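To start, the structure itself, in structure tokens.
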Amino acid sequence: MLNSVIGRLGTASLILLLLQACATDPVTGKRTLAMSENWEINAGKKYHQQILKQYEVYDDPELQAYVNDIGQRLAKTSHRPDLPFTFTLLDSPQVNAFALPGGFVYITRGIMAYMNKESHLAGVIGHEIGHVTGRHGAERAVQQQLATVATVAVAVGSGSGELLQASQMLGGALISGYGRTQELESDELGAEYIAKNNYAPDDMIDVIGILKNQELFAKERARTEGRQVQGYHGLFASHPRNDQRLNEVIQAAEKYRDLSKPLPDDGTFLRLTNGMSFGESESQGITRGNKFYHKDLDLFIEFPQGWRVQNTPAVLGAISPDSSQAIQIRMDSVAPPVDAMRYLSSKFPSFRDGRKVSTVEDQAAAGVATISDQRSGQKQNLRVSMIARGDQAFVISGFGKTTLPNQNFFDVVKSVRRLKSSEQDLASGRNIKLITAKRGDTIASLAKRSNLSSYAEAQIRLLNDLYPDGEPKAGQKIKIIE
């Protein structure tokens, strides 16, 4: 890799780059090989805007302000209090949190769903601030001589393998973690920052256990369903909850806590997350088995039975049981009236074998196109179709390792239609509802009250830190799904 960099930049330019990269570690005070603070801030600003174009900010101003307030208070007691930190709650069901160089920290509503009090959220935010103050991202950027940031951060937020393959920023550090040393340093720094704000450092151990349970369940579920799972890189990625060194560094932060000013747990976290979206967002469409419903787009799509449906902000698609074929759908805006055949010919210069397709929509066409892989340069055939509806164009592509999907592809194309009145509820999103457990309530009975089609009892336990076999107590605040 070094030779390729020298080839592009020249020896003198490379040496200059490395000299400019030397900076002071704000935590240790030592010189370190990392990009400059100006680089961090400028890169963060640039790619933050790209992330916001790819992903929706969760539409709850009060909850956004709450996340930002916690983050700003922690940042002010960090080793880089003057860095202009930004904290954003993303509308993503993925259980994740990540940070970009320059102080851009992202929390998903998916990870918040499994927390039960403010100190849990503070622990995760503190850990991500630790990556920023420790300059882990800036160091990795120099080590790997990379300058791309946004698409991997986007992949972290969405779990999108397609986007992940398009970029290599930080060598996947945001995906798999920064290695045990840097993750442990972020744990230590995060514990220090929350203790300075009078949160109990031990609560970081609690949230590690909560999220570890969620990760274990998600992996077991993914294994059963024959798919991969994207877990949160932080906190528990490089060590279990009972790791001795982890407990030592977190408990050592107790010295920063002012016990004369305890932080009351007034229930704000549960109050503000009551009603928060759970699972897929209605604005991004709802997947139920092999069927997809989108209320705003008035759209129904059915994928082949047994195929694994993947609904991400970047693309909606499905993969065959043996992973040999895939079908994906994207939406484009057009100026009506539009001819489907001409549209495909303009979008795919190699478009051929075009023909009209009979669907319930006015305009539909299909054919075959050849594209070139930008990384390898190899050519790949794909089956393509376009369905026109007013100013909307639904573009469907079919890929195959050896053969293109045929009947399955056209079945998907022909399934595209508007929602029936009876399907409006199926297109509605789910929300967290906070209740008070009554005498006689069990996880089984609460699961039956929840709008969960599978693994209901396990999910209710996970949401309430009762996994794997805990039961609610009378008077306890419990989260169910409606």
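When you number the sequence shown by the working numbering, it's gap-free, plus one each residue, and the end is 496. Where is the CB? At the ideal position from N, CA and C, for every residue including glycine. Quick caveat: nothing in here was measured; it's all calculated off a predicted structure.
Q. Do you know offhand how far L66's Cα is from D73's?
A. Reading the sequence shown from its first residue, position 52 is the one you call residue 66. Reading the sequence shown from its first residue, position 59 is the one you call residue 73. Taking the straight line joining both Cα atoms gives about 13 Å.
Q. How is N304 classed by DSSP in three states: helix, strand or coil?
A. Here residue 304 corresponds to residue number 290 of the sequence shown, with the count starting at 1. Of the three classes helix, strand and coil, the one that applies to N304 here is coil, per DSSP.
**Q.** C-alpha distance - S252 paired with N465, whole-angstrom precision
**A.** Counted from its first residue, the sequence shown places residue 252 at position 238. Counted from its first residue, the sequence shown places residue 465 at position 451. With a pLDDT of 49 at S252, under the threshold of 50, the modelled position of this residue cannot be trusted; read the value that follows with caution. Straight-line Cα distance between these residues: approximately 34 Å.
Q. Is it right to say A472 is buried, meaning 16 or more other beta carbons lie within 10 angstroms of its own, or is it exposed?
A. The sequence position of residue 472 within the sequence shown is 458, counting from 1. Around the CB of A472, 16 or more other CB atoms lie within 10 Å, so the residue is classed as buried.
Q. With distances taken between CB atoms, is the gap from G58 to G137 smaller than 7 Å?
A. Position 44 of the sequence shown holds residue 58. Position 123 of the sequence shown holds residue 137. For G58 and G137, no; Cβs fall outside 7 Å.
Q: Go ahead and label G404 buried or exposed: buried means 16 or more other beta carbons lie within 10 angstroms of its beta carbon, across all protein chains shown.
A: One-based indexing of the sequence shown puts residue 404 at position 390. Under a 10 Å Cβ-count criterion, G404 is classified as exposed, with fewer than 16 other Cβ atoms of the shown protein chains found around its own Cβ.
Q: Could you check which residue in H93, E54, Y128 has the C-alpha nearest to that of I446?
A: Mapped onto the sequence shown, residue 446 falls at position 432. Comparing Cα positions, the closest option is Y128.
(Q) Taking DSSP's pairing of strands, which residues face R431 in a bridge? (A) Counted from its first residue, the sequence shown places residue 431 at position 417. Paired residues: F314.
(Q) Tell me the residue span of the beta strand (DSSP E) that contains S399. (A) On the sequence shown, residue 399 is found 385 positions in, with the first residue counted as 1. Residues 393-403.
Q: Rounded to whole angstroms, what's the CA-CA distance from K269 to A79? Just pull it up for me.
A: Stepping through the sequence shown from its first residue, residue 269 is reached at position 255. Stepping through the sequence shown from its first residue, residue 79 is reached at position 65. Here the alpha carbon of K269 sits roughly 29 Å from the alpha carbon of A79.
Q | the stretch 337-355 / the stretch 395-413 touching (three or more Cβ pairs under 8 Å) | A | yes
Q. Ordered along the chain, which non-local residues of its own chain (more than five positions away) have a Cβ less than 7 Å from that of A164?
A. Counting from 1 along the sequence shown, the entry for residue 164 is found at position 150. The pLDDT assigned to A164 is 43, lower than 50, so where the model puts this residue is not dependable, and the model offers no usable value.
Q. Can you tell me where the beta strand (DSSP E) with F498 in it begins and where it stops?
A. As displayed, the chain neither begins before 15 nor continues past 496, which places residue 498 out of reach and without an answer.
Q. Leaving out five residues before and five after I495 in sequence, what residues of the same chain have Cβ atoms less than 6 Å from its Cβ?
A. Within the sequence shown, residue 495 is the residue found at index 481, counting from 1. Answer for I495: F292, R444, S464, N465, L466, listed in chain order.
Q | Y307 versus G412 - alpha carbon distance | A | As a working note, residue 307 is residue 293 in the sequence shown. As a working note, residue 412 is residue 398 in the sequence shown. Cα-Cα distance, rounded: 20 Å.
**Q.** Three-pair Cβ contact test at 8 Å for the stretch 220-237 versus the stretch 265-284
**A.** no
Q: Mind checking which residues open and close the alpha helix (DSSP H) that includes D216?
A: Start at 1 with the first residue of the sequence shown, and residue 216 comes out as number 202. Segment 216-239, the alpha helix (DSSP H) holding D216.
Q | Y61 (DSSP reduced to helix, strand or coil) | A | By one-based count along the sequence shown, residue 61 stands at place 47. Here Y61 sits in helix by DSSP.
Q. How many angstroms separate the CA atom of L273 from the CA atom of G289?
A. Taking the first residue of the sequence shown as position 1, residue 273 is located at position 259. Taking the first residue of the sequence shown as position 1, residue 289 is located at position 275. In a straight line, the C-alpha of L273 is about 33 Å away from that of G289.
(Q) Quick check: the Cα distance between R322 and S334, rounded to an integer number of angstroms? (A) Indexing the sequence shown from 1 puts residue 322 at position 308. Indexing the sequence shown from 1 puts residue 334 at position 320. Answer to the nearest angstrom: the Cα atoms are 7 Å apart.
Q) Tell me the DSSP bridge mates of Q196? A) On the sequence shown, residue 196 is found 182 positions in, with the first residue counted as 1. For Q196, which the question treats as bridged, DSSP gives no partner whatsoever.
(Q) Once the 5 residues before and after T301 are set aside, which same chain residues still bring their CB inside 7 Å of it? (A) For the purposes of this step, residue 301 is taken as residue 287 along the sequence shown, with counting starting at 1. Counting only Cβ-Cβ distances below 7 Å, and skipping sequence neighbours, we find E294, V323, N325.
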